[in-house]
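Protein chains in written order, with this note's numbering: chain A, -7 to 665; chain B, 10 to 519.
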């Protein structure tokens, strides 16, 4: 085994050390905090590239190094590090994109008082994300997964004095935690059924043939156990990757600083769910060989992905906030990736994950560049005319927009989306995911054209937009590098030269001509053209002249547009159902305490007090009637005191007796079973 | 039996400190506090010494002290240390001095306060080390006296009522416990836990109790159960808890939740389970539901609390209920799977320790807020504390995430092991228990959002000092321990692995 494998932990450890140093740095240590963060991530990038070269030299192999975490009973809990092309490609991407975003942040955050803290949190995020990638144990992956969630929480709420940011951070944590509880249960089930959470362990790992056979062979409620475990783990991916129905946190997460939106909520963290499913793909797909089961796990993945791809694109059409348009487009694109996983092509999903990371980071940083120079104006109705004022931002944003829209041949998004649609067309379970994917293609091209026209064309429609100017090099150079990636990366995986797919899967993928399935290709190009054309017709030909004018679509279909702008009212629906349910459960818990348990205690205490009073009456009236008046006062005081205290004591004793009887009944009834 | 009586020293050092304070009525407050803290810290020093020489490969009692005491009753002075008691002694050695240290500025009669506090600490240590019911019960009851006065005399506005409720409720539970043991003594002539445990394992104990009369085995089991159920508390015997925890002064709340709630769980593990394995198995189903009631209702009741101390009190109910959930899940199947049972029991012990750290840290944080706000501690009394006091906010945030079970901090490992075990034994219970995890996140993050985030408001609007002095030292130390045991849980599991293995080995096999 190459020595690098047992030192893989250094890849997440370097940023983790930077985060620890940053946490101890006072506010004034700005240069130190940023410097260590950049240096550490650069170190991780070098190590990741070395790891990638090692992984490419041993195709089809999973190199791992396991170690014991702690002794438990007579056994041990073991964790490990894993290197394969999947890990290595994503690690390089996270480090490279992360580094560019770190550099961009030097400029974007330069006036923030908590600059040092920002880089501490960014490093913590990078460490956790890289930990997710190099983990050879679902437990270690889960640990890092939760830490990623923590970093996201801290960074969404970075401007915590803003109530919206604080609320968004909480919403993100809680929503993803709901998914993570499913993930936790799936992990517990896997641990119990296979006895290990190590992915690869010399034939004994939970992703290796022995364990998978057992998991696919056993059934529960008609389904294969592997199906249920796979779907529970998928819950975690649904939460983290903003899939329907847990997508609601992602648009709100845009309250965080824009570099955070670019790094975490577009390029890397939200893709962790896609990575998770790709990582446990043998498990999730273990039921594919079974014909007799009513449901395959991947079918659910495909449909959730398809719904999300379409839903995100539809909602994005009617958003007015620059970052929210991009957020919904992220949701939609993550849906494409899930769709690809579901229809059986995990390499296409990862290909799209990589290209998307570049062009979406580019788009968000472009948005950040706009926001920074327009004094934090994010409403696209109040921007406009920035194309001539911010040429580099405009040019690079346009490249990102065309990559996302899937403009043919030159841009990376075209190739990776094509791979997904190709895979969907070969899926024989249902046509619907393909149709949803094609529908989202036209919508994506449309809303991105709208966004580009509204922000960069026409006249400035507000003071800040009129005075916007290009940002310094520290912000524009990362844009240019990402733009290069947004173009170049696509050529790693064209149908005629599927190098990336071959490298990922470890076995050569047969190249095929792009004219193979030419009809599908032609159709999707046509749909892109349709989206671009209709977008141009509505928003580009006669750009908006004033901020208050309604959107052309809004004018034509006011109610539909309002419904879309309100994100299909899904948040309101959740608040009215699950929110109310949670509050009701809380009210029930408190009510039980006050009325039933506490009330029972009070009732019995009252009865005890009554008994004490009766007792006192009989004592005073009968037995003690002959006592002389001299002791009357003393006795009165004593009786008053006794009334209070003994009453209570009796009360509690009696409650206990009642509870004791109830418990006795329960135990006897329970024991009878 | 040979060597210095180190366990007696552990128990009686705090009492000696208390006695010293009692004998010197006119000592200066600073001297009083120094003596008290030194006597309290003696536990930690001696416990670490024990941990150093502790044989980590052995399951049985070590450093045993056994002397004939009251021969007519067959009572022995019998102390012993195993992995479970060592973990709890260490916990007491951390939490008790911490509680005393944060009461440093306690101005009203520091001598009496410290004296009572040390007596409570010594009693708890006695409970964790005594192996004969006679003096075990003395310590068990003795612990109530100082805590009663600590709550009543130094507590908040409703302290008097809360203290009476706490003591009477617990005493009533103990009355059943005492009656139960009277019957056991009548049937067996022994009060020795180890000997009784052997009788319990073979089923002879219930046979002998049955010879007293048909209903005695069940009645004694339920009596002992009632005693521990109130102490932990097991849902729904918890109604004394929110008031007592909320009205007690900060240091005492830390001790109550950190140490005294563990006395009940300890009783379940050390006494109820070994003595009545068959009866506990028979009652496990309903008991598991009650534990789940504590897990879920504890967490969701906390979401509805406006008083921050009551919120943390309910969260304590939720957290200790995980320990009971683990135990009841282990005893519920006829033949539990060994890896799952090992995980559940290890997790329960770990959770006892971890909850002690994180809950006492949270009570300390609320105490800090309360002292800065002139006694107010409502959810709406603050805002933007993180802007005003960043160091305090950072440490409090770590304590909060520890309580929430964030990986990397101590709380996660115990909860993970409990859930891993419970899932293998009673999957539906693990699924329902997840609701408790969700509820915990809900109320803790709401607390954080309302108190620490947003613009500065309420008590934090004006001058708001950051953390300093004893509070800083204590909270910093607790947070450091959260990282230590979160990253290296083996430091603790290594102490009790043989014990848990032996427990699991003694379970019925399928």
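In this text, a Cβ means the ideal position worked out from N, Cα and C, and glycines have one as well. Keep in mind the model is a prediction, meaning the values are calculated, not measured.
Would you check if the distance between the CB atom of residue 227 of chain A and the CB atom of residue 175 of chain A is smaller than 9 Å? yes
Any beta carbon of chain A sitting closer than 9 Å to that of residue 146 of chain B? Residue 146 of chain B has a beta carbon lying at 9 Å or more from every beta carbon in chain A.
Just the C-alpha distance for residue 150 of chain B and residue 103 of chain B, rounded to the nearest angstrom, thanks. Straight through space, the alpha carbons of residue 103 of chain B and residue 150 of chain B are spaced by roughly 23 Å.
Nearest residue (CA-CA) to residue 366 of chain A, options A:460, A:374 and A:60: Looking at the Cα atoms, A:460 is the closest of the given residues.
Neighbourhood of residue 88 of chain A by C-beta, 7 Å cutoff - its chain only, sequence neighbours within 5 removed: 37
Around the C-beta of residue 130 of chain B, are 16 or more other C-beta atoms found within 10 angstroms, so that it is buried, or is it exposed? buried
Distance check for residue 98 of chain B and residue 316 of chain B, CA to CA, integer angstroms please. 31 Å
Would you report the Cα separation of residue 138 of chain A and residue 435 of chain A, rounded to the nearest angstrom? When rounded, the distance between both Cα atoms is 34 Å.
Per DSSP, residue 84 of chain B is paired with what? B:79
Per-residue contacts from residue 601 of chain A into chain B (C-beta, under 9 Å): Simply none; closest approach about 13 Å.
Sub-9 Å separation of residue 376 of chain A and residue 439 of chain A beta-carbons: no
Checking contacts by CB at 9 Å: is residue 187 of chain A closer than that to chain B? Yes, because at least one Cβ of chain B sits closer than 9 Å to the Cβ of residue 187 of chain A.
Counting only beta-carbon atoms, is residue 458 of chain B nearer than 9 Å to chain A? yes
Kindly indicate which residue of B:160, B:331 and B:278 has the alpha-carbon position closest to the one of residue 252 of chain B. Taking each of B:160, B:331 and B:278 in turn and checking the Cα distance to residue 252 of chain B, the smallest one comes out for B:160.
Nearest-angstrom beta carbon gap, residue 235 of chain A and residue 315 of chain A [assumed within contact, 8 Å]: Contact doesn't hold; Cβ gap of about 20 Å is too wide.
Report yes if the CB atom of residue 3 of chain A is closer than 9 Å to the CB atom of residue 117 of chain A, and no otherwise. no
Name the two residues that bound the continuous alpha helix (DSSP H) containing residue 437 of chain A. That run of the alpha helix (DSSP H) goes 424 to 448.
Would residue 97 of chain A be called buried (16 or more neighbouring beta carbons within 10 Å of its own) or exposed? buried
For a cutoff of 9 Å on Cβ pairs, would you count residue 563 of chain A as touching chain B? Not closer than 9 Å to any Cβ of chain B, the Cβ of residue 563 of chain A fails to qualify, so no.
Using Cβ-Cβ distances below 7 Å, what residues of the segment 564 to 590 of chain A are close to chain B? 574, 577, 578, 579, 581, 582, 584, 585, 589 and 590
Using the Cα positions of residue 602 of chain A and residue 596 of chain A, report the straight-line distance between them to the nearest angstrom. 10 Å
Do residue 260 of chain B and residue 110 of chain B come within 9 Å of each other at the CB atom, strictly closer than that value? The beta carbons of residue 110 of chain B and residue 260 of chain B sit closer together than 9 Å.
Note down the Cα distance separating residue 269 of chain A from residue 273 of chain B, rounded to an integer number of angstroms. 43 Å
The beta strand (DSSP E) spanning residue 263 of chain A covers which residue range? Element bounds for residue 263 of chain A: n/a, residue is neither H nor E.
Return the bridge partner residues of residue 490 of chain A from the DSSP annotation. A:485
Segments assigned alpha helix (DSSP H), at least 4 residues, entirely inside the segment 510 to 597 of chain A: 510 to 527, 544 to 548, 550 to 557, 562 to 566 and 572 to 583
Can you name, in chain order, every residue of its own chain whose Cβ lies under 6 Å from the Cβ of residue 242 of chain B, other than the five neighbours on each side? 250
Tell me the DSSP secondary structure of residue 3 of chain A in three-state form. DSSP places residue 3 of chain A in helix when its eight states are reduced to three.
Pick helix, strand or coil for residue 303 of chain B, following the three-state DSSP scheme. helix
My guess is that residue 111 of chain A and residue 25 of chain A are in contact by the Cβ rule of under 8 Å, so how many angstroms apart are they, rounded? 5 Å
For residue 129 of chain A, which three-state DSSP category applies? strand
Classify residue 500 of chain B as buried or exposed, calling it buried when 16 or more other Cβ atoms lie within 10 Å of its own Cβ. exposed
Leaving aside the five residues before and after residue 335 of chain A along the sequence, list all residues of the same chain whose C-beta is less than 7 Å from its C-beta, in chain order. 294, 415, 416, 419 and 425
Reduced DSSP secondary structure (H/G/I, E/B, other) of residue 53 of chain A: coil
Out of curiosity, what's the CA-to-CA distance linking residue 53 of chain B and residue 100 of chain B? 8 Å
Please identify the residue among B:505, B:216, B:113 and B:324 whose C-alpha is closest to the C-alpha of residue 410 of chain B. B:324
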